[in-house]
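Colleague: Residue numbers (this note's numbering): 10 to 146.
Note that CB positions come from ideal geometry on N, CA and C, so glycine has one too.
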Amino acid sequence: MDVRPDTHRYEAESADVNDAAIRHYHWNEFPDYVGGVDRGTSSVEFTVDAPRAGSYLADIGYANGLAQEADHVVSVDGTAVGTVRYPSTRAWLSTPKQDAVLGTATVRLTLHAGANRIRLAKGQEYAEVDWLALRTG
Numbered sequence: 010m011d012v013r014p015d016t017h018r019y020e021a022e023s024a025d026v027n028d029a030a031i032r033h034y035h036w037n038e039f040p041d042y043v044g045g046v047d048r049g050t051s052s053v054e055f056t057v058d059a060p061r062a063g064s065y066l067a068d069i070g071y072a073n074g075l076a077q078e079a080d081h082v083v084s085v086d087g088t089a090v091g092t093v094r095y096p097s098t099r100a101w102l103s104t105p106k107q108d109a110v111l112g113t114a115t116v117r118l119t120l121h122a123g124a125n126r127i128r129l130a131k132g133q134e135y136a137e138v139d140w141l142a143l144r145t146g
């Protein structure tokens, strides 16, 4: 019996990255997160699979090295549906202790069954994105 929650995780570096940068963690040579979501045209767009239509929670692994909160505008299939807020983690993912500064923000989304495009676009201030995970809830 599997008692883990129904979670589907998508890595930011595998998403459609527009006017931002796929970056490496401090010590390895493989791309691991997206930074530089700094301009009005910057975004990270995930194509996710929803097993059925309905309400989902999208958890987003992020870092916000600023003292203040940052946010991204969230769209589903091209329609803006809200904002996800990123409280300060006090450091960026490029530091040697990136796992210690990784935060998780959550936004509720309504998805249709099958492929959905979830876009995180530049909002207020700056945040780096590591992954997005869908779960029912």
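Which residue's Cα is closest to the Cα of Val4: Glu134, Glu54, Glu22?
Modeller: Any property of residue 4 remains undetermined from this structure, which presents the chain solely from 10 to 146.
Colleague: What are the uninterrupted segments assigned as beta strand (DSSP E) that are 3 or more residues long and contained completely in the stretch 76-144, given in chain order?
Modeller: Entirely contained in the stretch 76-144, the beta strand (DSSP E) runs reaching 3 residues are, in chain order, 79-85, 88-95, 112-120, 123-131.
Colleague: What three-state label does DSSP hand Ser64 in the structure shown?
Modeller: In this structure, Ser64 counts as strand in the three-state DSSP scheme.
Colleague: Does the beta-carbon distance from Ala207 to Val43 come in below 7 Å?
Modeller: Nothing about residue 207 can be read from this structure; the chain reaches only from 10 to 146.
Colleague: How far does the beta strand (DSSP E) with Val53 in it reach, from first residue to last?
Modeller: Per DSSP, Val53 belongs to the beta strand (DSSP E) from 52-59.
Colleague: To which residues of the same chain is Ala29 closer than 6 Å at the C-beta, ignoring the five residues directly before and after it?
Modeller: The answer, listed in chain order, is Val43, Gly45, Val46, Ser51.
Colleague: Within 10 angstroms of the Cβ of Asp11, are there 16 or more other Cβ atoms? Answer buried if so, exposed if not.
Modeller: In this prediction, Asp11 has a pLDDT of 41, which is less than 50 and means its spatial position is unreliable; nothing more can be read from the coordinates.
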